[in-house]
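Chemist: Be aware that the sequence shown starts at 157, since it is given in my numbering, and climbs by one per residue.
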Amino acid sequence: VKQEGLRFVEQELQNITVSDLHGKEGQFHYNISQVKVTDLQLAFSDLHFQPQQHLVFNVNNASISLRFRRQLLYWFFYDVGSINASADGVHIHTVLQLAKDKAGRLKISNITCNASITRMQAGFSGTLRTVYEFLSTFIVTGMRFLLSQQICPSLEHASLVLLNSVLDTVPVKNYVDEHIGIDYSLLRDPAVSTDTLDLDFKGMFFPRARENQELENHAVEPVIKETERMVYVAFSEYFFDSAMHAYFQAGVLAIELQGEKVPKDLEVLLRATFFGTIFMLSPTVDAPLRLVLQVSAPPRCTIKPSGTSVSVSAFLNISLIPPGRPAVQLSSMAMETKLSAKVFLQGKALRVQLDLRRY
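1) Buried or exposed for Q405, please, with buried defined as at least 16 other CB atoms from any protein chain shown within 10 angstroms of its CB.
2) Is A271 near the ligand NAD - that is, is its Cβ less than 7 angstroms away from at least one heavy atom of it?
3) Starting from Q405, trace the alpha helix (DSSP H) both ways and give me its first and last residue.
4) Report the residue from I336, T493 and Y186 whose alpha carbon sits nearest the alpha carbon of D235.
5) Spatial neighbours of Q209 within its chain, please: CB distance less than 7 angstroms, with the 5 preceding and 5 following residues excluded, ordered by chain position.
6) Once DSSP output is grouped into helix, strand and coil, what is the label at G123?
7) In angstroms, rounded to a whole number, what distance separates the CA positions of D176 and N240?
8) Starting from E367, follow its DSSP beta bridges and name the residues at the other end.
9) Kindly list the residues whose CB is nearer than 7 angstroms to the CB of L162, restricted to its own chain and excluding five residues on each side of it in sequence; keep chain order.
10) Exposed or buried, I295, counting other C-beta atoms within 10 Å across all chains shown (16 or more means buried)?
11) Give the secondary structure of A390 by DSSP, where H, G and I count as helix, E and B as strand, and everything else as coil.
12) Residue range of the alpha helix (DSSP H) that D421 falls in?
13) When burial is assigned at 16 or more other CB atoms within 10 Å of the CB, is V165 buried or exposed?
14) Does the region 387 to 405 come into contact with the region 454 to 467, if we say contact requires no fewer than three beta-carbon pairs (one atom in each stretch) closer than 8 angstroms?
15) With distances taken Cα to Cα, identify the nearest neighbour of G463 among K263, V499, L203 and R481.
16) What residue does the alpha helix (DSSP H) around N320 start on, and which one ends it?
17) Look up T464 in the DSSP assignment and give the residues it is bridged to.
18) For V448 and L472, I'd like the C-alpha separation in whole angstroms.
19) What does DSSP give as the partner residues of M491 in its beta bridges?
20) F213 and T250 look like a contact to me (Cβ under 8 angstroms); what is the Cβ gap, rounded to whole Å?
21) Is it right to say S475 is buried, meaning 16 or more other beta carbons lie within 10 angstroms of its own, or is it exposed?
22) Among the residues of its own chain, which have a CB less than 6 angstroms from the CB of I411, if the five just before and after it don't count?
23) Determine the direct distance from the alpha carbon of Q167 to that of L319, and round the result to whole angstroms.
24) Taking 8 angstroms as the threshold (C-beta atoms), are S265 and S304 in contact?
25) Do Q190 and S242 have their beta-carbon atoms positioned less than 8 angstroms apart in this structure?
26) Return the CA-CA distance between F184 and T297, expressed in angstroms with no decimal places.
Structure follows, in structure tokens:
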């Protein structure tokens, strides 16, 4: 963040616009125009948090090299050329106030800026060098004032207008797959302490057919107590519950196995279990089996220090499918189970692995 902030400041200061400087001292008429920044040295910078919603960025003892056009009229003598100058001991203190907009995007709601230049030097050459050195006090003092007055307006415009316009393009909703999407808009303004910047995202999944649907959140908010690492991410039960609720409403929490798709060992077990019923159905005794497992309610996630589990309620229908004849139901049962869950990162994707052997 510090490096990106420094790069942003450099980019804005390089494009700074300084008004023309003109004046008169006795018979000398001078005009300074076309001021351009040729080099920046921002060696000493600091970024830190400031409660309650502030991000503080300081640049100390920086230097700015300038080049501008000079014009001098003294009686009948007229001189035109360029001057190289340097502003040293540049100090910039910027405080950004962070907030969320109506759509839940991060934005900069206010900026406070102070800038000062300790000293400024200009190098003069040419036939009228002595004249310019005589006027250097007026020129250098004026240029230092104009430059210091333009630093903060430039950064304020860049932050409140340019940077916010970029933040306005950041989406707060996105599609995960063909069935569901996720809303990750900010719930409240960022909370800043001396050590941390906390962002509370909604983290709610929704079925794509009902994008504006809201799921009430009853989960306990996660608490992060450690600060040793650069980034911490915490998920509440609501994050996983909304995902399973969205998939349930999308109608994809069902599986059907028929014929050769039924594992052989399971088929043998089922035929042995329902042998009496199947035997009485001759000549359909050799008909293929069909298993339909349908989740009957949105699964619920429970997160505890001992581990994560998912509670599932489902119906299991077992049938015979005689060719050219109606299906014959062998059994229909309601199931309730609690599966152990493991959450892990695979590349950039968050994965959840359910263990069917533990419940």
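Backbone N, C-alpha and C fix where the C-beta goes; we use that ideal spot for every residue, glycine too.
Treat the numbers as computed from the prediction; the structure is a model and nothing was measured.
Modeler: From the atom records:
1) Position 249 of the sequence shown holds residue 405. Its Cβ being crowded by 16 or more others within 10 Å, Q405 is buried.
2) Of the ligands one can find in the structure shown there are none, so the ligand NAD has no counterpart to examine.
3) One-based indexing of the sequence shown puts residue 405 at position 249. Segment E393 to Q405, the alpha helix (DSSP H) holding Q405.
4) On the sequence shown, position 79 is the one that residue 235 refers to. Taking only the C-alpha atoms, the option nearest D235 is Y186.
5) Position 53 of the sequence shown, counted from the first residue, corresponds to residue 209. Around Q209: Q253, L254, A255, D345, P346 and V348.
6) Residue 123 lies beyond the residue range present for the chain, which begins at 157 and ends at 515; the question has no answer from this structure.
7) Here residue 176 refers to the residue found at position 20 when the sequence shown is read from its first residue. Here residue 240 refers to the residue found at position 84 when the sequence shown is read from its first residue. Roughly 15 angstroms between the two C-alpha positions.
8) Your numbering for residue 367 matches position 211 in the sequence shown. In the DSSP output, where bridge partners are listed per residue, E367 has none listed.
9) Here residue 162 is taken as the residue at index 6 of the sequence shown, counted from 1. Answer for L162: L198 and S201, listed in chain order.
10) In the sequence shown, residue 295 corresponds to position 139, counting from 1. Per the 10 Å Cβ criterion, buried.
11) Walking along the sequence shown from the start, residue 390 turns up at place 234. Of the three classes helix, strand and coil, the one that applies to A390 here is coil, per DSSP.
12) The residue given as residue 421 occupies position 265 in the sequence shown. It spans K420 to T429 - the alpha helix (DSSP H) in which D421 sits, taken as one unbroken run.
13) What you label residue 165 is simply residue 9 of the sequence shown in a count that begins at 1. By the neighbour-count criterion, in which a residue is buried when 16 or more other Cβ atoms sit within 10 angstroms of its Cβ, V165 is buried.
14) With the cut-off at 8 angstroms, the region 387 to 405 and the region 454 to 467 touch.
15) Here residue 463 refers to the residue found at position 307 of the sequence shown. With distances taken between CA atoms, G463 lies nearest to V499 out of K263, V499, L203 and R481.
16) Walking along the sequence shown from the start, residue 320 turns up at place 164. Per DSSP, N320 belongs to the alpha helix (DSSP H) from N320 to L323.
17) Locating residue 464 in the sequence shown gives position 308, counting from the first residue. Looking at the DSSP output, T464 sits in a beta bridge with I459 and A497.
18) As a position in the sequence shown, residue 448 is number 292, starting the count at 1. As a position in the sequence shown, residue 472 is number 316, starting the count at 1. Spanning the two alpha carbons is a distance of roughly 6 angstroms.
19) Sequence index remark: in the sequence shown, residue 491 carries index 335 (1-based). BP columns for M491 point to A470.
20) Taking the sequence shown and counting its residues from 1, the one referred to as residue 213 is at position 57. Taking the sequence shown and counting its residues from 1, the one referred to as residue 250 is at position 94. Indeed, because the Cβ distance is near 5 angstroms, the residues count as touching under 8 angstroms.
21) The residue you call residue 475 lines up with position 319 of the sequence shown. Classification for S475: buried.
22) Counted from its first residue, the sequence shown places residue 411 at position 255. Correct list, in chain order: L449.
23) Position 163 of the sequence shown, counted from the start, is the residue given in the question as residue 319. Position 11 of the sequence shown, counted from the start, is the residue given in the question as residue 167. So the alpha carbons of these two residues sit roughly 12 angstroms apart.
24) Along the sequence shown, one-based indexing puts residue 304 at 148. Along the sequence shown, one-based indexing puts residue 265 at 109. No. Outside cutoff.
25) As a working mapping, residue 242 is identified with position 86 in the sequence shown. As a working mapping, residue 190 is identified with position 34 in the sequence shown. At least 8 angstroms separates the beta-carbon of S242 from that of Q190.
26) Translated into the one-based positions of the sequence shown, residue 184 becomes position 28. Translated into the one-based positions of the sequence shown, residue 297 becomes position 141. A direct Cα-Cα distance of roughly 17 angstroms separates F184 from T297.
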